[in-house]
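Undergrad:
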Amino acid sequence: MCKEKVEIGENCAISWDVTITDTDYHSINSNKSTSPVFIEDEVWIGCKSTILKGVRIGKGSVVAANSVVTKDVPPNCLVAGVPARIIQRDIQWS
Numbered sequence: 001m002c003k004e005k006v007e008i009g010e011n012c013a014i015s016w017d018v019t020i021t022d023t024d025y026h027s028i029n030s031n032k033s034t035s036p037v038f039i040e041d042e043v044w045i046g047c048k049s050t051i052l053k054g055v056r057i058g059k060g061s062v063v064a065a066n067s068v069v070t071k072d073v074p075p076n077c078l079v080a081g082v083p084a085r086i087i088q089r090d091i092q093w094s
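Counting along the sequence shown from 1, when you hit position 3 you're at 3 in the numbering used here, and nothing is skipped either side.
What follows is the structure, given as C-alpha cells:
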C-alpha cells in the first residue's frame, strides 16, 4: 500500500501475504500519516510480515515470518517478532 513512496532494491525476496505500507491512511493528533519505506538490495522478507511507514531495511537483512517492522533495520541483520527486534547481526544469506 503506497500513498507516496515505497522503494524496493534489487535481488529482494518478498514472500506471500507481506504488507508494506508508507501510510496509516489517517492522522491522529496531527501526526504525519505518511512516511516513505526503503527496502535496500538483497533483503529477504518472510511470509505474513508487515513493514510499517518510515522504515528502512538495510542491505542483506532478513525479516522473519510474521514479524512487524516498526523501526529501521541495520544492514545484514536478522529481525523477528512483534515488534521486530534484532536477533542476529552480520548475517549472509544471498
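Note that CB positions come from ideal geometry on N, CA and C, so glycine has one too.
Looking only at C-alpha atoms, which of A64, I57, K32 and P83 sits nearest to D72?
TA: When only C-alpha atoms are compared, the closest one is I57.
Undergrad: Please classify C77: does DSSP put it in a helix, a strand, or coil?
TA: Note: C77 maps to strand in three-state DSSP.
Undergrad: For the region 36-50 and the region 62-81, state whether three or more C-beta atom pairs, one from each stretch, are separated by less than 8 Å.
TA: Taking 8 Å as the limit for Cβ pairs, the verdict is that the region 62-81 does touch the region 36-50.
Undergrad: Going by other Cβ atoms of all chains shown within 10 Å of its Cβ, with 16 needed for buried, is K53 buried or exposed?
TA: Buried.
Undergrad: Apart from the five residues just before and just after P91, which ones in its own chain have a Cβ nearer than 6 Å to its Cβ?
TA: According to the sequence displayed, residue 91 carries Ile and not Pro. Excluding sequence neighbours, I91 sits near N76 and L78.
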